[in-house]
Amino acid sequence: MAGGLTLQFIPYGEIEHLASQKRVDKLLRLVKTDKIILLEGRLRSEEEAELIRRTMEEINDKFTGIELSVVYPESKNVAFFARVKQSFINLVLGDRRGMTIIGPANVVREIKQDPDKIQLFTKDARKR
Amino acid sequence: MAGIFKKIAEKLFKNFFKKRKDMKLGLYGPPNGGKTTLANRICEDWLNEKDAMGTVSSIAHETREVQIKNSVVIESKNGKKLTFNLVDTPGIATKIDYEDFIKEGMDEKDAKVRAKEATKGVIDSIKWLDDMDAVVVVLDATKDPYSQVNITIVGNLEARKTPVLVVANKIDLKKADIKKIQAAFPQYKVIGISAMKGQNIEEFYETLFEVAR
Chain A
60 MAGGLTLQFI PYGEIEHLAS QKRVDKLLRL VKTDKIILLE GRLRSEEEAE LIRRTMEEIN
120 DKFTGIELSV VYPESKNVAF FARVKQSFIN LVLGDRRGMT IIGPANVVRE IKQDPDKIQL
180 FTKDARKR
Chain B
12 MAGIFKKIAE KLFKNFFKKR KDMKLGLYGP PNGGKTTLAN RICEDWLNEK DAMGTVSSIA
72 HETREVQIKN SVVIESKNGK KLTFNLVDTP GIATKIDYED FIKEGMDEKD AKVRAKEATK
132 GVIDSIKWLD DMDAVVVVLD ATKDPYSQVN ITIVGNLEAR KTPVLVVANK IDLKKADIKK
192 IQAAFPQYKV IGISAMKGQN IEEFYETLFE VAR
């Protein structure tokens, strides 16, 4: 498997019942096994900050951190009522729209993000 | 129902006292955006102190501890005064590799110490988010603003209802693109400046009055 990449899809249902701390723990644990996580939906912004904070606590010579990116559908042109309805659904069920990509920094060199597009650049496997 | 009234009362109580102390104005952003350069510029312009907030460097994570300058008073063109405690925070990043510092010419031991301190700096920056009354997000206008770190910082400030001013720094450089930063954060006022050269700094101070009222 030298040079191979593992992408693991996590449906939102797999984390929705977890408390914030447990969500972050689960994602970080998977990333530390050199997997690239494709999470359905997105974390709350406080959870994203917590993921960064926890990542910093875990950094050592081998684990150098994460690359993180979120593709999220813009709702600027959506009618006010639809936005309120969506906010209510997000509050109750969590935000399942979009996709979150989390990769270990020793595998993923960079994730370039435009509003609707993501480019993922990996490190040369020989240098990992 | 009693819980709701309690929460409202607590909030009013908190806000009442919040207005009586000096507000905390935080400088946030990714590493090497120019936060310390801007903090130094503010201190030089209003306190007449040179390099008061720390040294600056082209190597990332030069600021690894939160730096505070108390009671900075700035004055608007129409004579209004704004007093704040200026909080310069370490740059927030999702990865820190000591080998990057070695590539910049540091020896391995120093690089590892710097990396360790940098991780603590990021943790402190995140902790301090709760304490800020207003925040200036300092971005390098020559870089791509659509990074998740920028979005996460702004998202957290939005969730805390903290007033935000976005600064597109380094506009003296050819590659600077303020419009791209405005497009990335359309909900916020974006001011282009060069903290190093003092370019457009007056407009920055005037806008600060609008944001940090």
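From first to last, the protein sequence lines are chains A and B. Position one of the first sequence corresponds to residue 60 (our numbering), numbered consecutively onward. Position one of the second sequence corresponds to residue 12 (our numbering), numbered consecutively onward. Where is the CB? At the ideal position from N, CA and C, for every residue including glycine.
Considering only DSSP beta bridges, list what residue i is partnered with.
i, result
"Glu169 (chain A)", "A:Phe180"
"Pro163 (chain A)", "A:Ile125"
"Met158 (chain A)", "A:Glu99 and A:Val130"
"Leu66 (chain A)", "A:Ile95"
"Asn161 (chain B)", "Beta-bridge pairing links Asn161 (chain B) to no other residue."
"Asp151 (chain B)", "B:Asn180"
"Ala145 (chain B)", "B:Leu36"
Would you mind working out which of the options sits nearest residue i, comparing C-alpha positions?
i, options, result
"Lys182 (chain A)", "A:Lys171, A:Ile170 and A:Asn165", "A:Asn165"
"Pro41 (chain B)", "B:Thr48, B:Asp118 and B:Asp151", "B:Asp151"
"His72 (chain B)", "B:Glu221, B:Lys106, B:Val98 and B:Cys54", "B:Lys106"
"Lys91 (chain A)", "A:Ser128, A:Val129, A:Arg155 and A:Thr114", "A:Thr114"
"Ser136 (chain B)", "B:Ala122, B:Lys172 and B:Gln78", "B:Gln78"
"Glu214 (chain B)", "B:Lys88, B:Thr66, B:Leu38 and B:Ala195", "B:Lys88"
"Arg162 (chain B)", "A:Pro163, A:Phe180 and A:Ile111", "Note on identity: in this sequence residue 162 (chain B) is Ile, with Arg being the wrong assignment. The shortest C-alpha separation from Ile162 (chain B) is found at A:Ile111."
"Ile204 (chain B)", "B:Ser82, B:Val147 and B:Thr100", "B:Val147"
"Lys176 (chain A)", "A:Ile160, A:Ile69 and A:Glu116", "A:Ile160"
"Ser158 (chain B)", "A:Pro163, A:Glu75, A:Asp154 and A:Ser128", "A:Ser128"
"Ile134 (chain B)", "B:Glu76, B:Asp183 and B:Thr173", "B:Glu76"
"Leu58 (chain B)", "B:Val67, B:Gly209, B:Ser68 and B:Ser82", "B:Ser82"
"Asp62 (chain B)", "B:Asn51, B:Ser69, B:Ser68 and B:Lys186", "B:Asn51"
"Gly45 (chain B)", "B:Glu128, B:Lys154 and B:Gly166", "B:Lys154"
"Glu60 (chain B)", "B:Ile70, B:Leu49 and B:Ser69", "B:Leu49"
Measure the alpha-carbon distance for residue i versus residue j and round it to whole angstroms.
i, j, result
"Ile202 (chain B)", "Lys80 (chain B)", "23 Å"
"Tyr71 (chain A)", "Glu106 (chain A)", "14 Å"
"Gln67 (chain A)", "Ala104 (chain B)", "24 Å"
"Asp111 (chain B)", "Pro197 (chain B)", "33 Å"
"Lys190 (chain B)", "Ala108 (chain A)", "27 Å"
"Gly116 (chain B)", "Arg224 (chain B)", "44 Å"
"Ser104 (chain A)", "Met207 (chain B)", "32 Å"
"Ile164 (chain B)", "Leu64 (chain A)", "29 Å"
"Ala126 (chain B)", "Tyr109 (chain B)", "5 Å"
"Leu97 (chain B)", "Lys94 (chain A)", "41 Å"
"Asp120 (chain A)", "Leu93 (chain B)", "45 Å"
"Asp56 (chain B)", "Val130 (chain A)", "41 Å"
"Leu38 (chain B)", "Asp84 (chain A)", "29 Å"
"Leu168 (chain B)", "Glu119 (chain B)", "36 Å"
"Ile53 (chain B)", "Ile85 (chain B)", "9 Å"
"Thr218 (chain B)", "Val177 (chain B)", "10 Å"
"Gly124 (chain A)", "Thr173 (chain B)", "28 Å"
"Asp99 (chain B)", "Leu184 (chain B)", "23 Å"
"Leu102 (chain A)", "Leu140 (chain B)", "18 Å"
"Lys131 (chain B)", "Gln210 (chain B)", "33 Å"
"Gln80 (chain A)", "Leu87 (chain A)", "11 Å"
"Ile74 (chain A)", "Leu89 (chain A)", "13 Å"
"Ile118 (chain A)", "Ile182 (chain B)", "34 Å"
"Leu98 (chain A)", "Gly166 (chain B)", "19 Å"
"Lys186 (chain B)", "Ile96 (chain A)", "33 Å"
"Val149 (chain B)", "Val124 (chain B)", "26 Å"
Ignore the nearest five residues each way along the sequence and tell me which others in residue i's own chain have a CB closer than 6 Å to its CB.
i, result
"Met34 (chain B)", "Phe95 and Asp144"
"Gln178 (chain A)", "Lys171"
"Ala122 (chain B)", "Tyr109, Phe112 and Ile113"
"Thr74 (chain B)", "Thr47, Gly65 and Pro101"
"Asp154 (chain A)", "Gly100 and Arg101"
"Phe28 (chain B)", "Below a pLDDT of 50, predicted positions are generally treated as unreliable, and Phe28 (chain B), at 47, falls in that range; the measurement from the model is reported next regardless. Once the five neighbours on either side are set aside, Phe28 (chain B) has no close Cβ partner at all."
"Met60 (chain A)", "For Met60 (chain A), the predicted model reports a pLDDT of 45, less than 50, meaning its position is unreliable and no value from the coordinates is stated."
For residue i, which residues in the same chain have their Cβ closer than 7 Å to its Cβ, ignoring the five residues on either side in sequence?
i, result
"Gln142 (chain B)", "A quick correction: the sequence has Asp, not Gln, at residue 142 (chain B). Within the same chain, Asp142 (chain B) has close Cβ partners Lys35."
"Asp188 (chain B)", "Ala152"
"Lys91 (chain B)", "Phe220"
"Gln193 (chain B)", "Val201"
"Pro132 (chain A)", "Arg156 and Gly157"
"Leu77 (chain A)", "Lys85"
CB-CB under 8 Å to residue i, same chain, minus the five flanking residues each way: which ones, in chain order?
i, result
"Arg168 (chain A)", "Glu126, Phe180, Thr181 and Lys182"
"Val160 (chain B)", "Pro41, Ile103, Ala104 and Thr105"
May I ask you to check if the CB of residue i is nearer than 7 Å to at least one heavy atom of the ligand MG?
i, result
"Gly157 (chain A)", "As far as ligands go, the structure on display features none, and thus does not contain the ligand MG."
Mind pulling the beta strand (DSSP E) runs of 3 or more residues that sit fully within the stretch 34-99 of chain B? Listed in chain order, they are 34-39, 78-86 and 92-99.
Tell me the start and end of each unbroken beta strand (DSSP E) in the stretch 182-221 of chain B that is at least 3 residues and wholly inside, in chain order. You should have 201-203.
Quick one: complete alpha helix (DSSP H) runs, 4+ long, within the stretch 107-137 of chain B? Listed in chain order, they are 109-114.
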